[in-house]
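Note sheet for the following structure.
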Ligand code: F6R
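This is the structure in structure tokens:
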């Protein structure tokens, strides 16, 4: 959440700053701002809303400084407004910040009592004032930042500029990601190395407590003790292909159609038997229980995988919402436990807090991560890259599919190691996974039918998604996708739970998406669907041929998925739901890639 960018060069940096912010916009888009040093003095420009609004101001006002910091905001303290936009300033100093300063109230009172004129509602603003106060006491910028770091509580990354030191950018990392780099044109700081594409070929990943001093041609990183350190270098990919829409109207659509390629890549990387179990921090034979921890869409991937681990590998598997798990009293860890933490970004604050807790308890941890340079990838005992590629749309689609595919393969692998591949069932699961690129392509073929259904959702106020068994988490994901992109109130329910309460929501015309595929639970799901159809629900069935045929008499619409092995039905069933969420949002005229109030990387709790 919130994107930080900084640049120091031999020419004006304003355009570079804006371009950097565009690449970080997925982290928040409530407001954006830059500060540069011009003729020895700080100059700040801000705009409410998307980075494009800031770009317009920069284009008309031409800030001229060769050094600057920039920020795109996801509001935590104080409404989106120019006053609350970063950079925040105190005499001589400007600061941009990602994270939360937890003790900001006490610091604000103390600073205000000392006569500091804080103007915003943000937690961030205490930082420049603390730096200014420490400098007034005779410290260098670096020492002032260090002293400030010791005063702050919370988790944050900061970039700072000071008029007294007009050739140096400062970057401080304490819990939120920050990279620093030097390229042919200058030096940079950024929340995410992808923002540096085209400027540098590699970047330094700062670690907690590090303070980076970035010059045009030189970078010095010091750890919390002040010792100069060499940190891990990561490659920065050249080019902007991840920003290119590839002929699609939106990133979300591009990413939906990228899913067959992702499935093929996962087959290439993890195909066959035994590949994924090599990533495990414990031998498959020793695993007695798996706990999967994640948030949002990643949690639903875990919820599907729970059924796979239990049914295929015969291992008890639990799923936990990270924001709950991190604070729940737990019994002591037992031998044979494996924790799998699942995250597209690898920076989700709650998931990382769980990782810390699990490591302290001595539980072996495996991260499933899309962003390979992320904190989760670095700090888990081992990690599996999801290979979904950069996901730009805020609503996760291809990363979810990648999570499901990797988890499915992991379940097959562990099942093989524990029970032997002679089980016919395990072999047919493996064959189904190998077919996934084609199956996904086929499932995406009925976009026009989805578009027609989405039209019927245009004026809907709410929608229900119902399913049983492994399709139940997909109903939850379908509802989440619809609500976050289209703002239609949507809920997912286990079909068998309807009559325990939710059926009271059903009235004449209530839109219901029923997931129904051939298999043991089809008749049970069918009975539940008939019960709500009898009460006026407008049923659309998403299913294979068997599922659709069985409910033809009560459904007003159907979205067909290809017939496939029961094991992969959840993976295939989510595809029409992603398209439905996309088209519903587009038809309602909404910004499908940047839904209101959301950000892609949730780095605050
Ligand atoms: C929904 C969505 C979110 C994320 C959640 C966890 O489309 O993207 O629900 O899944 O914020 O994020 P990660 O996977 O980065 O930990």
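Numbering (the working numbering), first residue to last: 512 to 1116.
Where a beta carbon is used, it is the ideal one built from N, C-alpha and C, also for glycine.
Segment limits, alpha helix (DSSP H) that includes residue 778: To locate residue 778, count along the chain shown from 1; it is residue 267. First-last of the alpha helix (DSSP H) with residue 778: 770-781.
If you pair each beta-carbon of the segment 1010-1019 with each one of the segment 1042-1056, do three or more pairs fall below 8 Å? yes
On a Cα-Cα basis, can you pick out the residue from 1041, 849, 1088 that is closest to residue 891? Walking along the chain shown from the start, residue 891 turns up at place 380. Among 1041, 849, 1088, the Cα nearest to that of residue 891 belongs to 849.
Neighbour-count burial assignment, residue 620, 16 or more Cβ in a 10 Å radius: Position 109 of the chain shown holds residue 620. Exposed.
Measuring straight from C-alpha to C-alpha, what distance separates residue 1022 and residue 1063? The sequence position of residue 1022 within the chain shown is 511, counting from 1. The sequence position of residue 1063 within the chain shown is 552, counting from 1. Distance between the alpha carbons of residue 1022 and residue 1063: 16 Å.
Comparing C-alpha positions only, which one of 963, 834, 856, 1065 sits nearest to residue 868? Position 357 of the chain shown holds residue 868. Of the candidates 963, 834, 856, 1065, the one whose C-alpha sits nearest the C-alpha of residue 868 is 834.
Please state the DSSP three-state secondary structure of residue 995. As a first step, residue 995 is located in the chain shown; it is residue number 484 there, counting from the start. In this structure, residue 995 counts as helix in the three-state DSSP scheme.
Between residue 1037 and the ligand F6R, is the CB less than 8 Å from at least one heavy atom? Numbered from its first residue, the chain shown carries residue 1037 at position 526. No.
How many Å lie between residue 759 and residue 915 at the Cα? Counting from one through the chain shown, the residue named residue 759 turns up at place 248. Counting from one through the chain shown, the residue named residue 915 turns up at place 404. Each residue's Cα considered, the two are about 25 Å apart.
Under 9 Å, do residue 1026 and residue 985 count as touching if we go by C-beta distance? The residue given as residue 1026 occupies position 515 in the chain shown. The residue given as residue 985 occupies position 474 in the chain shown. Cβ atoms of residue 1026 and residue 985: closer than 9 Å.
With respect to the alpha helix (DSSP H) encompassing residue 862, which residues constitute its N-terminal and C-terminal limits? As a position in the chain shown, residue 862 is number 351, starting the count at 1. Element bounds for residue 862: 860-872.
Sequence-distant residues of the same chain with beta carbon closer than 8 Å to residue 1075, five excluded per side: Against the chain shown, residue 1075 aligns to sequence position 564. Same-chain partners within the cutoff: 943, 946, 950, 1055, 1083.
Cβ pair residue 773, residue 899 closer than 9 Å: Taking the first residue of the chain shown as 1, we reach residue 773 at position 262. Taking the first residue of the chain shown as 1, we reach residue 899 at position 388. Contact flag set, yes.
Is the Cβ-Cβ distance between residue 784 and residue 927 less than 9 Å? As a position in the chain shown, residue 784 is number 273, starting the count at 1. As a position in the chain shown, residue 927 is number 416, starting the count at 1. Taking 9 Å as the Cβ cut-off, residue 784 and residue 927 qualify as a contacting pair.
Residue 626 classed as buried or exposed, judged by whether at least 16 other C-beta atoms fall within 10 angstroms: Residue numbering aside, residue 626 sits at position 115 when the chain shown is read from its first letter. With fewer than 16 Cβ atoms within 10 Å of its Cβ, residue 626 is classed as exposed.
Over what stretch of residues does the alpha helix (DSSP H) that includes residue 947 continue unbroken? Here residue 947 corresponds to residue number 436 of the chain shown, with the count starting at 1. Element bounds for residue 947: 947-954.
C-alpha distance - residue 697 paired with residue 941, whole-angstrom precision: Position 186 of the chain shown, counting from 1, holds the residue named residue 697. Position 430 of the chain shown, counting from 1, holds the residue named residue 941. Straight-line Cα distance between these residues: approximately 50 Å.
Quick check on residue 664: buried or exposed, where buried means 16 or more other Cβ atoms within 10 Å of its Cβ? As a first step, residue 664 must be located in the chain shown, where it is residue number 153. Per the 10 Å Cβ criterion, exposed.
Measuring CA to CA, which of 1039, 939, 594, 757 is closest to residue 1024? Residue 1024 sits at position 513 when you count from the first residue of the chain shown. Nearest option by C-alpha distance: 1039.
Length of the line joining the Cα atoms of residue 1095 and residue 1029: Reading the chain shown from its first residue, position 584 is the one you call residue 1095. Reading the chain shown from its first residue, position 518 is the one you call residue 1029. Rounded to the nearest angstrom, the two C-alpha atoms are 27 Å apart.
Any idea what DSSP makes of residue 566, helix, strand or coil? As a first step, residue 566 is located in the chain shown; it is residue number 55 there, counting from the start. Residue 566 falls in the helix class under three-state DSSP.
Assign residue 881 to buried or exposed, taking buried as 16 or more other Cβ atoms, counted over all protein chains shown, within 10 Å of its Cβ. Numbered from its first residue, the chain shown carries residue 881 at position 370. Buried, because 16 or more other Cβ atoms sit within 10 Å of the Cβ of residue 881.
Which ranges would you report for the alpha helix (DSSP H) in the segment 652-713 if only whole runs of at least 4 residues count? 652-662
Residue 824: buried (16+ other C-beta within 10 angstroms of its C-beta) or exposed? Locating residue 824 in the chain shown gives position 313, where the first residue counts as 1. With 16 or more Cβ atoms within 10 Å of its Cβ, residue 824 is classed as buried.
Would you check whether the ligand F6R has a heavy atom nearer than 8 Å to the C-beta of residue 1085? Working through the chain shown from its first residue, we reach residue 1085 at position 574. The answer is no for residue 1085.
Extent of the continuous alpha helix (DSSP H) to which residue 961 belongs: Along the chain shown, one-based indexing puts residue 961 at 450. Residues 958-967.
Does the segment 564-574 come into contact with the segment 659-679, if we say contact requires no fewer than three beta-carbon pairs (one atom in each stretch) closer than 8 Å? no
First and last residue of the beta strand (DSSP E) that includes residue 977? Here residue 977 refers to the residue found at position 466 when the chain shown is read from its first residue. Residues 973-978.
Beta-carbon separation of residue 717 and residue 682 under 9 Å? Numbered from its first residue, the chain shown carries residue 717 at position 206. Numbered from its first residue, the chain shown carries residue 682 at position 171. Contact flag set, yes.
Tell me which same chain residues have a C-beta within less than 6 Å of the C-beta of residue 1114, skipping the five on either side of it? Locating residue 1114 in the chain shown gives position 603, where the first residue counts as 1. Excluding residues within five positions, the ones whose Cβ falls inside 6 Å are 512, 687, 858, 860.
Do the segment 732-740 and the segment 548-556 make contact, defined as three or more Cβ pairs closer than 8 Å? no
Environment of residue 838 [buried if 16+ CB atoms lie within 10 Å]: Counting from one through the chain shown, the residue named residue 838 turns up at place 327. So residue 838 counts as exposed.
What residues match up with residue 558 in a beta bridge as DSSP calls it? To locate residue 558, count along the chain shown from 1; it is residue 47. Answer is 543.
For the segment 581-593 against the segment 628-637, are there 3 or more C-beta pairs whose distance is under 8 Å? yes
With respect to the beta strand (DSSP E) encompassing residue 1002, which residues constitute its N-terminal and C-terminal limits? As a working note, residue 1002 is residue 491 in the chain shown. Residues 1000-1005.
Could you spell out the range, first to last residue, of the beta strand (DSSP E) harbouring residue 625? What you label residue 625 is simply residue 114 of the chain shown in a count that begins at 1. From DSSP, residue 625 is part of no beta strand (DSSP E); its letter is neither H nor E.
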